[in-house]
Amino acid sequence: IGRELAKKVKALEMKIIYTDILGPAKDCPEYTFVSMEQLLTDSDFISLHIPGNKDKSPVISKPEFSKMKDGVYLINCARGSVIDEVALLEALNSGKLAGVGIDVYPEEPPQNLELISHERVSLTPHIGASTKEAQKRIGQEIVSIVKEDI
31 IGRELAKKVK ALEMKIIYTD ILGPAKDCPE YTFVSMEQLL TDSDFISLHI PGNKDKSPVI
91 SKPEFSKMKD GVYLINCARG SVIDEVALLE ALNSGKLAGV GIDVYPEEPP QNLELISHER
151 VSLTPHIGAS TKEAQKRIGQ EIVSIVKEDI
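Its first residue numbered 31, the sequence shown is counted upward by one per residue in the numbering used here.
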């Protein structure tokens with residue numbers, strides 16, 4: 031998902047930097063691999079496409095927000111648990127974040143009314159996997175699982 035987004039924003043002439051716990055991707059030489067800290071300090075837009083921590087602890091919380099520039103835009107298409115919602119709301123209210131796009135929530139339906147009704151928050155109903163390509167991949171995965179069990 032992150033690579034597809036990178037292709038689209040490259041057309042907008044954005045400089046694309048990324049981080050990955052597995053290290054630099056060999057098949058993305060046109061994008062710049064950086065540390066998580068550099069990504070947080072250098073980015074104007076941050077889009078999350080990560081699996082999250084096994085213990086469901088947030089990846090982005092108060093310390094990470096404090097490293098970001100003022101006026102950053104944050105998009106979460108990963109898991110609801112990757113962002114600390116209390117710290118997110120503080121960052122929005124302080125102006126640290128100019129805006130937030132959220133497609134995933136720690137609980138569904140979303141429970142944090144202050145966050146979901148915030149004027150600088152844009153919400154979608156967890157539709158990130160609703161593309162033709164994603165649905166095709168899901169179908170292929172189901173077929174392979176069924177074949178394994180036969």
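Beta carbons: idealized from backbone N, C-alpha and C, even for Gly. For clarity, every value in this text was computed on a predicted model and none was experimentally measured.
Near residue i, which residues of its chain fall below 6 Å by C-beta distance, leaving aside the five closest residues on each side in sequence?
i: T71; result: K97
For residue i, name the three-state secondary structure that DSSP assigns.
i: S174; result: helix
i: L122; result: helix
i: S152; result: strand
i: V116; result: helix
i: T71; result: helix
i: S96; result: helix
i: S111; result: helix
Go through its chain and collect everything with a Cβ distance to residue i's Cβ below 7 Å, but skip five positions before and after it.
i: E67; result: K97
i: K86; result: S111
i: V134; result: N106, C107, A108, R109, G110 and H156
Compare the C-alpha of residue i against each of the options and name the closest.
i: F95; options: V116, I180 and Y61; result: V116
i: C58; options: N123, A36 and I132; result: A36
i: E137; options: R109, S174, S124 and A55; result: R109
i: A41; options: P54, I180 and E60; result: E60
Is it true that the CB of residue j sits closer than 9 Å to the CB of residue i?
i: E120; j: K92; result: yes
i: H79; j: G131; result: no
Take every Cβ of the stretch 164–173, pair it with every Cβ of the stretch 129–144, and state whether three or more of those distances are shorter than 8 Å.
They do not touch, by the three-pair rule.
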